[in-house]
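Notes follow once the structure below has been shown.
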Amino acid sequence: MSATPEEAIASAIQGLFRATPLLLIGSGFSCGYGLPGMAELGGHLASAVDTRISSVEAHALWDGALPAIKVNLEDGLNTIPSGAPGRQEVVAAIREETARLIISRTHSAESEILASRDPHLAAPARLLRRLYNGAPQNAECIPVITTNYDTLIELFSDLAEVPIDTGFTGLRRRRARSNPIFQTQYRRSLASNKQRTSYEHRPCVNVRLMKPHGSITWQSCDGEPIEVLNDVSDAPRAIVVPGPSKYEDALINSLFDGMRGEMNAAVGRAAALLCVGFGFNDEHLQGVIRNRLEAGMPAAIITRDFTPNIREVIKRHRHVLAIQRSSGGAEAHFDGRTVTVAEPVWELDTFLKQYLE
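Here the working numbering is used: the first residue of the sequence shown is 203, the next is one more, and so on.
See the structure below:
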């Protein structure tokens, strides 16, 4: 007797988690906690950047790009020509205002999360704990990639009581490791049999958090970012902002280049992929993931609404499970079928309760 579509979806999700998937967190995840999406960030920049620039050249560049920015933030920012006089001043203002807004919203979101009842039982903490507890004994890490600048994943890892590695070492002013950024740590234990006793070394699993676009905790220092936690000052942040400097920053700065290499390797090694709030609008990540999907890597996408790029993914790769909201419940696409689900399983909390808990 063949499985129903609903049973096939449940089976696919459970199989995905048995494979300890790479977790990919997009802006839709953070928007659920009050962080701005691209449209809101664009509105903020449209009103704030003008007060942060002073030269005639910078004002001319910004005024020329503003009509397009109000339509689409990244497309509008990409109209600012490379090498134009005043460009660096505009880029610096964009970076400062982006960081300022994200820092403020992150502080509010984290305060609200910590003030809630049983924050350790929040859905993201439960997800991370499940991935950690379900990891194979020989697993080095739980790989997590986020394109977000905020520190919500770091907070939820702490609430889940799961160790986390951001690629930095130190206490107050943390320096990025070099070559490689992430290093597997081992624990030593005694193993004995009838003949002898010896030591075994097994990996200490942790959440390995890769942030290819930087973080509000990354500060510019002598040309290389350092990580400084819980700092709400106006110190310059090392973040890759949308628009004209996006790929230049990633190529010139060795940490961004190394982080991108770690991300590519993690996607290449992944046995499965779970995307939460990721719209597949990042060109570089899309290209790396597309190759794995072409090879048949199991994948699931949970999001509020499908973007055109998500629709293209599920059209080209029938084995990808994608879930979005629909009339109080959800709509799931899998194996060429569309299934209506009564419960809102596009929400992470309901998703976990429905299929895994």
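Ideal Cβ positions, reconstructed from N, Cα and C, are used throughout, including at glycine.
**Request:** In angstroms with no decimal places, state the Cα-to-Cα distance between A260 and R297.
**Result:** Your numbering for residue 260 matches position 58 in the sequence shown. Your numbering for residue 297 matches position 95 in the sequence shown. Cα to Cα, the separation comes out at about 14 Å.
**Message:** I'd like to check one pair, A474 with A214: are the Cβ atoms closer than 7 Å?
**Reply:** One-based indexing of the sequence shown puts residue 214 at position 12. One-based indexing of the sequence shown puts residue 474 at position 272. Contact: no.
**Request:** My understanding is that R439 touches I418, with C-beta atoms under 8 Å, so please give their C-beta distance in whole angstroms.
**Result:** In the sequence shown, residue 439 corresponds to position 237, counting from 1. In the sequence shown, residue 418 corresponds to position 216, counting from 1. Yes, they are in contact, since the Cβ atoms of R439 and I418 sit about 6 Å apart, within 8 Å.
**Asked** Does the Cβ of S232 have 16 or more other Cβ atoms within 10 Å, making it buried, or fewer, making it exposed?
**Response** As a position in the sequence shown, residue 232 is number 30, starting the count at 1. By the 10 Å Cβ count, S232 comes out buried.
**Asked** In this structure, does DSSP put H521 in helix, strand or coil?
**Response** Numbered from its first residue, the sequence shown carries residue 521 at position 319. The answer is coil: DSSP assigns H521 none of H, G, I, E or B.
**Request:** Can you check the stretch 438-496 for any beta strand (DSSP E) of at least 3 residues that lies completely inside it and give the ranges in chain order?
**Result:** For the stretch 438-496, the full-length beta strand (DSSP E) segments reaching 3 residues or more read 439-441 and 475-478 along the chain.
**Cβ-Cβ separation, R410 to P192 (assumed contact under 8 Å), whole Å** = Residue numbering for the chain in the displayed model covers 203 to 559; residue 192 lies beyond these limits and cannot be assessed.
**Message:** So, with DSSP's three-state summary, where would you put E209?
**Reply:** The count along the sequence shown starts at 1 and reaches residue 209 at position 7. In the three-state DSSP reduction, E209 falls in the helix class (H, G or I).
**Item:** Three-state secondary structure (DSSP) of S232
**Value:** Taking the first residue of the sequence shown as 1, we reach residue 232 at position 30. Looking at S232 - three-state DSSP - the assignment turns out to be helix.
**N- and C-terminal bounds of the alpha helix (DSSP H) containing E276** = Counted from its first residue, the sequence shown places residue 276 at position 74. For E276, the uninterrupted alpha helix (DSSP H) segment begins and ends at L275 to L279.
**Item:** Cα-Cα separation between D433 and E464, rounded to whole angstroms
**Value:** Working through the sequence shown from its first residue, we reach residue 433 at position 231. Working through the sequence shown from its first residue, we reach residue 464 at position 262. Going by C-alpha positions, D433 is about 26 Å away from E464.
**Prompt:** According to the neighbour-count rule (16 or more other Cβ atoms, all chains shown, within 10 Å of its Cβ), is R494 buried or exposed?
**Reply:** The residue labelled residue 494 in the question sits at position 292 within the sequence shown. Under this definition R494 is a buried residue.
**Prompt:** Count the other CB atoms within 10 Å of the CB of P444; is the residue buried (16 or more) or exposed (fewer)?
**Reply:** Along the sequence shown, one-based indexing puts residue 444 at 242. Burial call: buried.
**Request:** With DSSP as the reference, label R374 as helix, strand or coil.
**Result:** Numbered from 1 along the sequence shown, position 172 holds the residue referred to as residue 374. DSSP places R374 in coil when its eight states are reduced to three.
**Message:** On the criterion of 16 or more Cβ atoms from any shown chain inside 10 Å, does E299 qualify as buried, or is it exposed?
**Reply:** By 1-based counting over the sequence shown, the position of residue 299 is 97. With 16 or more other Cβ atoms within 10 Å, it is buried.
**Message:** Mapping the DSSP letters down to three states, classify A544 as helix, strand or coil.
**Reply:** Position 342 of the sequence shown, counting from 1, holds the residue named residue 544. Under the three-state reduction of DSSP output, A544 falls in the coil class, being neither helix nor strand.
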